[in-house]
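Undergrad:
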Amino acid sequence: MHVEEGSVVAHEPMGSAYRVLTLRLPRVAAQARPGQFVHLRLAMLSDAVLRRPFSIYRVDGDCVSILYKTIGRGTAAMKSIRLGDAMNVLGPLGNGFPLPTADAIALPVLVAGGYGVAPLYFLASRLPRTGLLFAGGATNADILCVECFQALGWDVRLATDDGSLGVRGLVTAPLDAWLGEARREPEFFACGPNGMLRAVGERAVAGGWKGWLSLDRHMGCGVGACLACVQMIRKDGVETLARVCKDGPIFESREVVWEPSEP
Ligand SMILES: Cc1cc2nc3c(=O)[nH]c(=O)nc-3n(C[C@H](O)[C@H](O)[C@H](O)COP(=O)(O)OP(=O)(O)OC[C@H]3O[C@@H](n4cnc5c(N)ncnc54)[C@H](O)[C@@H]3O)c2cc1C
Ligand code: FES
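Residue numbers for the sequence shown follow my numbering, so the first one is 1052 and each next one is one higher.
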């Protein structure tokens, strides 16, 4: 993990609701693995001490890109970032996805909700073979990077809540249709809202397959010190608290203990 001053080399919209920010960060880029994230200090905020976590979307040479959606104050302020600006970045953080080997039997099946596609694209670009991507969102503006996955040779299936792209409904609709006729055992890699992660995890557990879930929790320090991001997990039958920033953000489906109130 490094603290690195990165200079902004690109900052472009992706569709109507998302942006891609690219920083020159040689030390972070050299170590980054799919599923890890960076913690950005937003100097333009008065409480700039509170960083914001973003998955690593791409690594190209010594540059690292993130793909972000405007959610609140911090991500709204990020729109003002200009080329050449310097940003303080902590990373790469977190454990990252396990990378299956080229001779692994299971088929990689990626499941993305909205910006959850970001770490999954980095993963797809590093996997030794192709598989399936299921991507879902509220509307077609939330379906991102389809061409990038197709260019890598991935089979892409889509779903939107309003039916504006792909199947109308949740991403589990095309996923279940595929599972109903699948001839190969899947290994899931998922990133998106809690409800989606829980649904994918339940399918993995029921089928006896592996399922790697990238949890999204509000974070403070990002390095395991403040306990702002804890999640109950089950290890060897014992329930214990894990720090999503340091012990995660990737957890195996069987480990995650969902709160009854979680969707
Ligand atoms: C491991 C990880 C990877 C992420 N990757 C991406 C990504 O690739 N693209 C993307 O657009 N977003 C990503 N997020 C979510 C992103 O961090 C939040 O959208 C962002 O922090 C919101 O900040 P804000 O100031 O705009 O919102 P506000 O709601 O004003 O934020 C207030 C506080 O809440 C925290 N917060 C709010 N929403 C979230 C959230 N969903 N997750 C974590 N902290 C939150 C902020 O850090 C901040 O401290 C990721 C979150 C985590 C934990
Ligand atoms: S954010 Fe501080 S321990 Fe995870």
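By construction, the Cβ of each residue, glycine as well, lies at the ideal position given by its N, Cα and C atoms.
If residue 1266 and residue 1239 are in contact, beta carbons under 8 Å, what's the gap, nearest whole angstrom?
TA: In fact, because the Cβ distance is near 14 Å, the residues do not count as touching under 8 Å.
Undergrad: Check whether the segment 1127-1144 touches the segment 1088-1096, counting contact only when three or more Cβ pairs, one atom from each stretch, lie closer than 8 Å.
TA: The answer is yes - the segment 1088-1096 touches the segment 1127-1144, with three or more Cβ pairs under 8 Å.
Undergrad: Have a look at the DSSP bridge pairing and note the partners of residue 1237.
TA: Paired residues: 1158.
Undergrad: Regarding residue 1295 and ligand 2, is the C-beta to nearest heavy atom distance less than 8 Å?
TA: Yes; taking the cut-off as 8 Å, the Cβ of residue 1295 has a heavy atom of ligand 2 nearer than that.
Undergrad: Report yes if the CB atom of residue 1067 is closer than 9 Å to the CB atom of residue 1192, and no otherwise.
TA: Yes.
Undergrad: Over the uninterrupted beta strand (DSSP E) stretch that includes residue 1323, give me the two end residues.
TA: Residue 1323 lies beyond the range of the chain shown here (1052 to 1314); nothing can be said about it.
Undergrad: State the Cα-Cα distance for the pair residue 1307 and residue 1247, rounded to the nearest angstrom.
TA: Using only the alpha carbons, I get a separation of about 13 Å.
Undergrad: Report yes if the C-beta of residue 1270 is less than 8 Å from at least one heavy atom of ligand 2; otherwise report no.
TA: Checking the Cβ of residue 1270 against ligand 2 gives yes.
Undergrad: Considering only heavy atoms of ligand 2, does any lie closer than 8 Å to the CB of residue 1112?
TA: Incorrect: residue 1112 has no Cβ contact closer than 8 Å to ligand 2.
Undergrad: Given a cut-off of 9 Å, decide if residue 1275 and residue 1296 are closer than it, judged by their beta-carbon atoms.
TA: Cβ distance < 9 Å, so residue 1296 and residue 1275 count as in contact.
Undergrad: Quick check: is any heavy atom of ligand 1 less than 8 Å from the C-beta of residue 1066?
TA: Checking every heavy atom of ligand 1 against the Cβ of residue 1066, none is found closer than 8 Å.
Undergrad: If you count every other CB in all the chains shown that lies within 10 Å of the CB of residue 1282, and 16 or more means buried, which is it?
TA: Residue 1282 is buried by the Cβ-count criterion.
Undergrad: Tell me the DSSP secondary structure of residue 1148 in three-state form.
TA: Correct three-state label for residue 1148: coil.
Undergrad: Within this structure, are the beta carbons of residue 1299 and residue 1145 separated by less than 9 Å?
TA: Going by C-beta atoms, residue 1299 is nearer than 9 Å to residue 1145.
Undergrad: Measuring from the CB of residue 1334, is there a heavy atom of ligand 1 at a distance below 8 Å?
TA: Shown here, the chain extends from 1052 to 1314; a query on residue 1334 therefore has no answer.
Undergrad: Counting only runs of 4+ residues fully inside the segment 1184-1213, write out the alpha helix (DSSP H) ranges in chain order.
TA: 1197-1202, all fully within the segment 1184-1213.
Undergrad: So is the beta-carbon of residue 1274 under 8 Å away from any non-hydrogen atom of ligand 2?
TA: It does: the Cβ of residue 1274 is within 8 Å (strictly closer) of some heavy atom of ligand 2.
Undergrad: Please classify residue 1231: is it buried, with 16 or more other beta-carbons within 10 angstroms of its beta-carbon, or exposed?
TA: Residue 1231 is exposed by the Cβ-count criterion.
Undergrad: With distances taken from CA atoms, which of 1073, 1236, 1059, 1065 is nearest residue 1257?
TA: The residue with the shortest Cα to Cα distance from residue 1257 is 1236.
Undergrad: Any heavy atom of ligand 1 within a distance shorter than 8 Å of the CB on residue 1175?
TA: No; taking the cut-off as 8 Å, the Cβ of residue 1175 has no heavy atom of ligand 1 nearer than that.
Undergrad: Nearest CA to the CA of residue 1062: which residue from 1153, 1132, 1164, 1053?
TA: Nearest option by C-alpha distance: 1132.
Undergrad: Ligand 1 and residue 1145: does any heavy atom of the ligand fall closer than 8 Å to the residue's C-beta?
TA: Indeed, a heavy atom of ligand 1 lies less than 8 Å from the Cβ.
Undergrad: Under 7 Å Cβ to Cβ from residue 1210, same chain only, skipping five residues before and after it: list those, please.
TA: The answer, listed in chain order, is 1187, 1217, 1218, 1220, 1221, 1222, 1224, 1225.
Undergrad: Alpha carbon to alpha carbon, what distance is there between residue 1155 and residue 1259?
TA: Cα to Cα, the separation comes out at about 16 Å.
Undergrad: Counting along the chain, where does the alpha helix (DSSP H) carrying residue 1077 start and finish?
TA: Residue 1077 -> alpha helix (DSSP H) spans 1077-1082.
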